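In this note's numbering, the protein residues as written are 5 to 228.
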């Protein structure tokens with residue numbers, strides 16, 4: 005089982021307080037929802053794709069309350085725990101543009117595809133079927149899929165293959181009865197978040213984000 009990593013360090017150290025790296029999303033949700041506001045949420049959103057990828061999070065136009073943040077945090081803790089059981093998945097707890105708890109699930113390209121291919125392997129389909137089950141459990145979960153590439157080949161070719169891979173993942177998840185309405189962002193990027201310390205296979209990864217939809221936020225706001 006892959007470890008679930010907390011990557012909301014910017015919020016912990018730079019905005020509210022230090023030493024929250026071991027907090028779960030239930031606890032973080034309350035703090036974020038209660039005090040961060042939309043400005044802080046936008047800063048945290050920059051963690052996703054270092055500002056170059058997609059802005060992950062529903063546009064709600066208001067500060068999300070403390071109790072709603074706790075409810076959403078609890079939901080995301082459960083999703084992260086379930087996703088961490090999937091073979092080949094690396095799971096991180098992140099925050100969206102509203103400063104709310106979200107989950108990023110990453111698969112290295114070698115787990116999903118053959119070299120320079122966008123056709124899913126049988127092993128990939130088995131892992132994505134497990135992820136689809138998590139996504140179907142709560143149709144108020146929004147989804148973003150971002151394909152990445154390494155620096156081999158032209159920029160245009162890399163964008164195409166990363167986009168094709170992202171769409172292959174989306175199409176298969178829909179084949180597994182995940183609602184098409186849940187997919188808000190599907191795109192490919194080249195060289196984004198390229199990491200020299202990682203293998204080339206990892207730099208060609210596909211990331212799948214689970215985060216709160218506007219409907220989920222509204223439902224959470226009504227719960228006590």
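Every residue gets a Cβ at the ideal spot worked out from N, C-alpha and C, and that includes glycine.
The structure presented is a predicted model; accordingly, all values stated were derived computationally and were not measured.
Figure out for me which residue from the options has the closest Cα to the Cα of residue i.
i           : options            : result
residue 146 : 226, 105, 210      : 105
residue 78  : 158, 102, 107, 67  : 107
residue 109 : 213, 76, 85        : 213
residue 92  : 85, 114, 159       : 114
residue 85  : 125, 134, 121      : 134
residue 138 : 89, 165, 227       : 89
residue 122 : 173, 141, 222      : 173
residue 116 : 59, 168, 223       : 168
residue 126 : 176, 188, 219      : 176
residue 142 : 69, 71, 67, 185    : 185
residue 187 : 140, 165, 222, 164 : 140
Which term fits residue i, buried or exposed, when burial requires 16 or more other beta carbons within 10 angstroms of its beta carbon?
i           : result
residue 156 : exposed
residue 216 : buried
residue 162 : buried
residue 111 : buried
residue 96  : buried
residue 210 : buried
residue 119 : exposed
residue 229 : No statement about residue 229 is possible, as the shown extent of the chain runs from 5 to 228 and does not include it.
residue 183 : exposed
residue 227 : exposed
residue 224 : buried
residue 94  : buried
Under 8 angstroms between the Cβ atoms of residue i and residue j?
i           : j           : result
residue 149 : residue 170 : yes
residue 153 : residue 87  : no
residue 101 : residue 73  : no
residue 218 : residue 98  : no
residue 220 : residue 144 : yes
residue 229 : residue 151 : A query on residue 229 cannot be resolved here, the shown segment of the chain reaching from 5 to 228 and no further.
residue 181 : residue 130 : no
I'd like to confirm the pairing. Which residues does DSSP put opposite residue i in its beta bridges?
i           : result
residue 105 : 99
residue 216 : 145
residue 210 : 111, 151
residue 190 : 149
**OP:** Taking only runs that begin and end inside the segment 103-162, name each unbroken beta strand (DSSP E) of 3 or more residues, in chain order.
**Re:** Entirely contained in the segment 103-162, the beta strand (DSSP E) runs reaching 3 residues are, in chain order, 105-111, 145-151.
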